[in-house]
Amino acid sequence: MLTIQKNIIDELNAEWNDSEIHIIYGKSGCGKSYLAQEIIAQFQAEQSKNIAFYLQGDSLCENREYYAFKECLSDKLDKYYKKIDNKKLTSNIIKEIPTAGEFLNFLYENAMFAKDKKQEQLSYILDNSTEMDIILKMRFLAQSRKSLVVVDNFQYLDIKSIELLNIILEFRKSSFAFFKDTIFLLFITTDESQTQESFINKILKREKANKYYFPDMEYSDFLEALNEFDNKKDIDEHIKKIIYKLSSGHLEVIKNIVKKINSSGDFTYNEGDSKEKILDSLIQERLQGLGDVGKQISELLKYASFIGLSFPKYEVERLIECSHIELSNLIDKSDEICLTTSDKKNAHFTHDLIRMIFAFRAKKDKAIYSSKMAVCVKELYPSEYYQRMEYELNSGNDRNSYIMASLALLQDFRLREKNISHNSARSFTSINPLYNSYIEVMEKAFEKYYTQKYFDVIKILEKIEPILPVELLAEKDLLLSLVLTKTLNQMDRIKALEILKPYRLISSVNNEFDLWLRIMMTYMTSSIHLGQRNEALHIEKELYIQLSSKLGYDDNAIKYINILRRRSNAIHDCNISKEYMRSSVDYFANMNCKEIYPVQYFLCLNNYIGVLCQCGDFGDAGEYAILLQHFIMHHRDIQYPRMEIFVNNYLLALLFSNKISTEKCLEIYNNTFGDNLRDNADQVFLLCNLSVLYMRMHKYESAYKILDNLYNNINFNNDNEAMYAISIRINLAIALAYISQTDKAKNILNDCLENLQSANYKIYIEQKILLLIEFIDKNSFQEHIDVEDSLFNECSFYQDNSWKFFGKTFHYSLLFYWSDL
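The structure is reproduced here in structure tokens:
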């Protein structure tokens, strides 16, 4: 370490605790990055638990959103993997958990249902799901640890990283309390364009920050640098002074000149050469000395320069079309000649100046390199539409540029995000009337969709003509299909499936994997609703095959595989899906997933609770319901979707496991859903369950009133929506039997028997209906006795675990998150 660097560290150490924000200024090449790494090393050496977040700005990646944060977090999570024993955790918390009523009050107090009181939730502070993903990862890594945030090359941070850093600094004492004692170091290059100066000024006005300045390199410092870089040759004093002048104090240039002198004993130069040109010549000479290997390294690093200061090895492997072993050998040789450093997964340019030299060399063939990059990113990161748009633009492919710009904007609409950096995509599409009109229509359609004005969405989408690229028509059809599945109209649901059929093959959407995945997930759910389980099974298998092929390089692949497992009971018998879901629960329960994907953990565990009930494992279902209750209470800053689904399963699991009385369950059910039932399919099931609770409390007229209203307002002309029909018919027949309308009750049950062709668990339901008819003939219901388990006791032939649930007299509806990604 040079004296000038030691002096900065001494200053930092002296004032370390005076402020949480320290800003270090210095010219390019003065040693800031080395100093940053040295500080990180010292910080982590203090205690093994300490964690440092190294955010690095990149001069060629300023248009890539959250680039600095994504690169920082890309390999950290694997180091902190932790396996969680759910059973042990459940047994530890079950003694201290509050009652169900208290928990529901907690949900209201923390705005889980209210739409206008979400200030405590992270989604209220953060702009979009990407920021949520980043913050949850950082929270997982930082909580219970001493942390340090180092921002190198601050002047090159992308705008979204800067905005998120500002949010972290502003809320680190409140919502982001896991950062409350964190030290922030910002390294800024003074001889580069200061486009982010306004942000620094904003920090200085709001925060107490210490400033430090690297002095210009003196000649004595230069002589020290020569020794530091292991100069082994005697250099004439005159040559030393020339090198000092030419290098302008840039340590990377000095280091490479020393390497040149050590290897050949001389150093040639042209008067007036810039430090960049000198370094370029030195690197070129070094690569030429390696022959064909040098040419291959040069080509490799040209491609890598498009990716970033750091680049994944698998990404370059696809770009230069070489084997894994060949690539490893090339990168090892590049490390040896100090152009890069590498670890198991990634390689890194030793300095931004070296990266810029290779980027400049690639500039004359920019269209070729950009075209290959566009193909590579499409395969590896299909949903990075904005980045793909830039590569398509640079390659000169206007048509693909318009498509990518449109998909980037649709992604914003779909995720309800406002990305300022996507303004250029909006400006670009506005040039072309065809694409501009499409974007305007889709934006209006999504606005109506999220306010649940579904008929308005249909009318708006009719304005789109079928003359656009297939990718954009597929996005329109996907939204239309989603809207049609929200209704209880059978013809709409059939149409929803038919709309998506042309996109069954991934090639039909030009191999756009992210788009195809979303289409197939929706197609699978629509198939299930229409009783087409063979088709749904076929899609599930195809999705598993496609996702499995991406496991080697796509971090999202394993997540989507476990999302598929979470939805498995929509297709498979509950005893099979219980095993699938158990794997999904185990995956999302691991600490590095549960904390990073809390909503996915919530969705998965809710579905698992429902399947455990269907399998008759009521004790386990009750314990997992308490576990999920505990999780929600300790993650109150997360906004969970459709909470009524969870509360329904939570209450039923407690009821079946005798952890709550029917009277209390009915009270909570009424209080929770009284003003929160929505006009959608889930409401049918919730109302059916409410009617069952009334009957359990012998309030048969109240139950009959609810069920008769449903029966008269839902079309049962076919069996395609057997799930709704069965729940209504069976419970209505029981209510009718209790109020002595036995003939009508039997007629309804016989109608139900005739429409079981596509029903889930047909064998159980058929047996149940036959026994109910017998009970009616025996006048069992008119005696007003508690008949909840009578069917189970009556049918000794079919007493497996699932019959404990399906053999209950009343028909209970468990709800599942199937359509949610």
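450 is the number that our numbering gives to position 432 of the sequence shown; each next residue is one higher, with no gaps.
Every residue gets a Cβ at the ideal spot worked out from N, C-alpha and C, and that includes glycine.
Quick caveat: nothing in here was measured; it's all calculated off a predicted structure.
Residue 631 has its alpha-carbon roughly 14 Å from the corresponding atom of residue 594. Counting along the chain, residue 366 sits inside no alpha helix (DSSP H); it lies in the beta strand (DSSP E) bounded by residues 364-367. Of 434, 413, 405, the smallest CA-CA separation from residue 423 is found for 405. Secondary structure of residue 628 (DSSP, three-state): helix. Within the DSSP bridge table, the entry for residue 207 names 44 as partners. Using a C-beta cut-off of 8 Å, the stretch 495-502 makes contact with the stretch 531-545, since at least three inter-stretch Cβ pairs fall below that distance.
Ranked by how close their Cα comes to the Cα of residue 82, the residues 372, 577, 401 have 401 in first place. The residue among 797, 450, 198 with its C-alpha nearest the C-alpha of residue 162 is 198. DSSP lists 41 as the bridge partner or partners of residue 229. Comparing alpha-carbon positions, the option among 485, 546, 528 lying closest to residue 512 turns out to be 546. Per the Cβ contact rule, the stretch 242-251 is in contact with the stretch 259-272 (3 or more Cβ pairs under 8 Å).
Assigned with DSSP and collapsed to three states, residue 456 falls in helix. Contact holds between the stretch 614-628 and the stretch 590-604, because three or more Cβ pairs, one in each stretch, are under 8 Å apart.
If you draw a straight line from the Cα of residue 574 to the Cα of residue 580, it comes to about 10 Å. For residue 729, the enclosing alpha helix (DSSP H) covers residues 718-731. Scanning its chain for C-beta atoms nearer than 8 Å, with the 5 sequence neighbours on each side dropped, one finds around residue 659 the residues 617, 621, 835, 838, in chain order. By the neighbour-count criterion, in which 16 or more other beta carbons inside 10 Å mark a residue as buried, residue 31 falls on the exposed side.
Cβ atoms of residue 301 and residue 372 come within 8 Å of each other, at about 7 Å. Here DSSP, grouped into helix, strand and coil, assigns residue 36 to coil. If you check the CB distance, residue 782 and residue 750 do not come in under 7 Å.
DSSP places residue 72 within a strand segment (E or B) once states are collapsed to three. Between residue 363 and residue 331 a beta carbon distance of about 6 Å is seen, short of the 8 Å cut, so the two are scored as contacting. When rounded, the separation of the alpha-carbon atoms in residue 684 and residue 466 is 35 Å. In this structure, residue 713 and residue 752 form a Cβ contact; the two beta carbons are roughly 7 Å apart against a cut-off of 8 Å.
Burial state of residue 348 is buried, judged by a 10 Å Cβ sphere holding 16 or more other Cβ atoms.
DSSP, read as helix, strand or coil, puts residue 165 in strand. With 16 or more other Cβ atoms from the protein chains shown falling within 10 Å of its own Cβ, residue 156 counts as buried. Cβ-Cβ distances below 7 Å link residue 305 to 312, 315, 316 in the same chain, with the five nearest sequence neighbours on each side left out; the list follows chain order. The way I'd put it, the stretch 474-485 doesn't touch the stretch 411-418; fewer than three beta-carbon pairs between them come closer than 8 Å.
Going by DSSP, residue 823 is part of the alpha helix (DSSP H) stretching over 819-824. For residue 828, the closest C-alpha among the options 796, 721, 73 is that of 721.
Going by C-alpha positions, residue 33 is about 8 Å away from residue 228. Residue 376 sits in a helix when the DSSP states are folded into three classes. In this structure, residue 319 sits away from residue 378, with a CB-CB distance that is not shorter than 7 Å.
Under DSSP, the beta-bridge partners assigned to residue 170 are 74. Scanning 390, 718, 292 for the CA closest to the CA of residue 333 turns up 390.
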